[in-house]
Amino acid sequence: DGGITQSPKYLFRKEGQNVTLSCEQNLNHDAMYWYRQDPGQGLRLIYYSQIVNDFQKGDIAEGYSVSREKKESFPLTVTSAQKNPTAFYLCASRDYLAGGFGSWFFGPGTRLTVL
Amino acid sequence: AQKVTQAQTEISVVEKEDVTLDCVYETRDTTYYLFWYKQPPSGELVFLIRRNSFDEQNEISGRYSWNFQKSTSSFNFTITASQVVDSAVYFCALRISGNTGKLIFGQGTTLQVKP
């Protein structure tokens, strides 16, 4: 089945540690996105990548880093510089249709808790 | 500026009641797309509908219907004869034209349907 997988589902981190969230898709989509969700808030864009070896900052990129070495993978690293990393993280990918209008597919999410 | 506002933070209804979730958006673009997503307790975002700015026809899909009015910049979502399984967080999102594919989300409305 085609889709997006994120691992792990739950992640606990001690303060001062970096941690990497995995996102893999087998949909052959060029574009991939990372969103952060806090309670009572909508999703906010952290980073996005429209093609392999290229990525751009979103609205809240500080304290995060990404890489896009393969089309199917877009890992997100939460660094110790992120002041408040406890949140729910969602990965998404997008297909391109004619006119640039595509559909987004979301993964099941990773819940990160800083102890 | 692009913005999506879902003024209703939480709504509670009794099963079989009809319920409308409000969504108001702001954009200066003439070409844009609007979405509704459902987020059940599992966390994964489930796509419900996509509408482009040139199509103001209302849409009905089973118990779900959507009312898009450009004059008031609103894209409201109605669930008829609500069921307990409809309990979830519902997000309205806006995508402006361009290549980034960024989705701008509202804060979400938590719907609780009681038996």
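Same order as they appear, the protein sequences are chains S and X. Numbered according to my numbering, the first sequence spans residues 11 to 125. Numbered according to my numbering, the second sequence spans residues 3 to 117. Just so it is clear, CB atoms sit at the ideal spot from N, CA and C, and this is done for glycine as well.
Separation of E17 of chain X from Q60 of chain S, as counted between CA atoms: Between Q60 of chain S and E17 of chain X, the alpha-carbon positions lie close to 43 Å from each other.
A108 of chain S, buried or exposed, once every other Cβ within 10 Å from all chains shown has been counted against 16: Annotation note: pLDDT 48 at A108 of chain S (below 50); position unreliable, no value reported.
Helix, strand or coil at T11 of chain X [DSSP, three-state]: In this structure, T11 of chain X counts as coil in the three-state DSSP scheme.
Secondary structure of K72 of chain X, DSSP reduced to three states: Helix at K72 of chain X.
Outcome for G119 of chain S when other beta-carbon atoms lying within 10 angstroms are tallied against a minimum of 16: The residue is buried, with at least 16 neighbouring Cβ atoms inside 10 Å.
Chain X within 8 Å of G52 of chain S, Cβ atoms only: Contact of G52 of chain S with chain X is assigned, a C-beta pair being separated by under 8 Å.
Min CB distance T102 of chain X to chain S below 8 Å: With 8 Å as the cut-off, T102 of chain X counts as an interface residue toward chain S.
Residue nearest to Q59 of chain X in terms of C-alpha spacing, selected from X:T22, X:F77, X:F93 and X:V21: Selection X:T22, X:F77, X:F93 and X:V21 evaluated against Q59 of chain X yields X:F77 as nearest (Cα-Cα).
Interfacial residues, the stretch 74-93 of chain X to chain S, with Cβ spacing under 8 Å: Along the stretch 74-93 of chain X, going in chain order, the ones with a CB nearer than 8 Å to a CB of chain S are F93.
Cβ shell of S63 of chain X (< 6 Å), same chain only, five flanking positions each side left out: The beta carbon of S63 of chain X is closer than 6 Å to none in its chain, skipping five residues each way along the sequence.
Of the residues S:N36, S:D40 and S:F98, the one placed nearest D64 of chain S, counting alpha carbons only: That would be S:D40, whose Cα lies nearest to the Cα of D64 of chain S.
Inter-residue Cα distance where the pair is S103 of chain S and S14 of chain X: When rounded, the separation of the alpha-carbon atoms in S103 of chain S and S14 of chain X is 33 Å.
Contact test: Y43 of chain S Cβ vs the ligand FMN heavy atom, cutoff 7 Å: Of the ligands one can find in the structure shown there are none, so the ligand FMN has no counterpart to examine.
Bridge partners - T22 of chain X, DSSP secondary structure assignment: Looking at the DSSP assignment, T22 of chain X forms a beta bridge with X:T80.
Span separating the alpha-carbon of N94 of chain S from that of N69 of chain X: Each residue's Cα considered, the two are about 38 Å apart.
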